[in-house]
Amino acid sequence: MQTYKKDDIVLIQPNAGPAMPQIHVQLFKRVVERKRGCWNGYSGWEAKLIYKHEVDMLRKEWQIPFKKVGDITFIYDSQIIRRVKNKKNFR
Numbered sequence: 154m155q156t157y158k159k160d161d162i163v164l165i166q167p168n169a170g171p172a173m174p175q176i177h178v179q180l181f182k183r184v185v186e187r188k189r190g191c192w193n194g195y196s197g198w199e200a201k202l203i204y205k206h207e208v209d210m211l212r213k214e215w216q217i218p219f220k221k222v223g224d225i226t227f228i229y230d231s232q233i234i235r236r237v238k239n240k241k242n243f244r
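Numbering (our numbering) for the sequence shown: 154 to 244.
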């Protein structure tokens with residue numbers, strides 16, 4: 154399993170199903186909840202949406218109530234597909 158750090162930009166597949174498009178987010182804060190009794194724990198990240206065209210598409214085509222770039226959402230570790238290379242390092 155690949156490890157991710159705060160401020161990494163990753164491509165995710167939302168849990169709503171394969172019909173939903175993949176989107177880019179910036180990892181913001183790590184969240185880990187341990188297993189307690191009969192309740193299974195979970196792990197994931199609080200993440201910020203980073204592209205305006207993806208926010209607009211989610212709101213207009215999928216009726217997901219995101220308003221602007223920078224809105225925070227929660228993603229599970231299993232939703233992360235891959236890390237996206239930082240464009241400023243390309244020449």
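Note that the Cβ used here is the ideal one computed from N, Cα and C, for glycine as well.
CB contact flag (residue i, residue j, <8 Å)
i: residue 222; j: residue 203; result: yes
i: residue 198; j: residue 180; result: yes
Span of the beta strand (DSSP E) around residue i
i: residue 192; result: That residue, residue 192, is in no beta strand (DSSP E); it is neither H nor E in DSSP.
i: residue 222; result: Run containing residue 222: none; DSSP gives neither H nor E here.
i: residue 163; result: 162-165
Environment of residue i [buried if 16+ CB atoms lie within 10 Å]
i: residue 234; result: exposed
i: residue 232; result: buried
i: residue 172; result: exposed
Close-in-space but distant-in-sequence residues of the same chain around residue i (CB under 7 Å, 5 per side omitted)
i: residue 243; result: Note that residue 243 scores 41 on pLDDT, short of 50, meaning its location in the model is unreliable; the coordinates nonetheless yield the value given after this. Same-chain partners within the cutoff: there are none.
Distance between beta carbons of residue j and residue i, contact taken as under 8 Å
i: residue 200; j: residue 225; result: 7 Å
i: residue 162; j: residue 176; result: Actually they are not in contact, since the Cβ atoms of residue 162 and residue 176 sit about 11 Å apart, beyond 8 Å.
Residues near residue i in its chain [Cβ-Cβ closer than 8 Å; skip 5 each side]
i: residue 194; result: 185, 186, 187, 188
Same chain only: Cβ atoms within 6 Å of residue i, ignoring 5 sequence neighbours per side
i: residue 229; result: 197
i: residue 236; result: 161, 163
i: residue 182; result: 199
i: residue 158; result: none
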